[in-house]
Amino acid sequence: MGDSQTAKRAVGIAAAQLVESGMVVGVGTGSTAKYFTEALAQRVSAEGLVLRCVPTSRQSRALAEQFGLPMVPLTSATRPDLTIDGADEFDPALNLVKGGGGALVQEKLVAVSSREMIVIADESKSVKCLGAFPLPVAVVPFGWETTRERLKDRFGVAATLRESPGGHGAFVTDDGLFVLDLRFGQIPDPAQLERELRTVTGVAEVGLFIAVAVRVLLGEADGTVREVTRSI
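Every position in the sequence shown, counted from 1, becomes a number in this note's numbering once 538 is added.
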């Protein structure tokens, strides 16, 4: 197992230890969250934990069901006590860029509905300033090219339509949306940028998660895990 996978596995196992019986748990999407889901299922099997899990995507639902975890939809009665999910980037204020896997809409709905959100990541996701990773923006398919032009004109950045695996047409999210990846390079004020992006007609959701995560569990290459809290 490579250093990155060692870190992801370690942090997934550590996050699973935070779950208590009786919780409603938001189950994240992505390679790191996969290790969490597997470790959580092992705890349920070994310790008899009673849980209800809210998926953040079709992918996370399928994986959780594969491991036998009970799934429920996100409703006012199933507000997650804890959501564990990965991130594409996080800064010292624990602002996040998410949506590299295309699940940003459901990921954000679950995250902001949760009583607590904890991010699990490896060292490569920790940055001083967001923006090196392209920012995913979910847009309405109808007239998406005009939305792209509005974004390019207003923000002066490249905006690329995400393609489906294999390059056969546009990638479509679980919610039927397209994704434009915006290349800012640096995002010095993520909160302001999120507000401005939301005002653009055709934009459905933005892959900036502002003041949502309370802490990050960071996996190291040697398999150790440390906790990161907001520094600003």
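Note that CB positions come from ideal geometry on N, CA and C, so glycine has one too.
With respect to Thr594, Glu627 sits apart: the two C-beta atoms are not nearer than 7 Å. The DSSP-derived three-state label of Ala615 is coil. Annotation for Thr684: the continuous alpha helix (DSSP H) segment containing it runs 682-693.
As summarised for the segment 550-620, the continuous alpha helix (DSSP H) elements at least 4 residues long and confined to that stretch are 569-585, 596-604, given in chain order. Of the candidates Gly669, Glu661, Glu603, Val643, Gly669 places its Cα closest to the Cα of Val635. Annotation note: the segment 693-760 contains the following uninterrupted alpha helix (DSSP H) runs of length 4 or greater, listed N- to C-terminal: 728-736. By the C-beta density criterion, Ala577 is buried, having at least 16 other C-beta atoms within 10 angstroms. The segment 605-618 makes no contact with the segment 695-715; the number of CB pairs closer than 8 Å stays below 3.
For Ala659, there is no enclosing alpha helix (DSSP H); the enclosing beta strand (DSSP E) covers residues 655-660.
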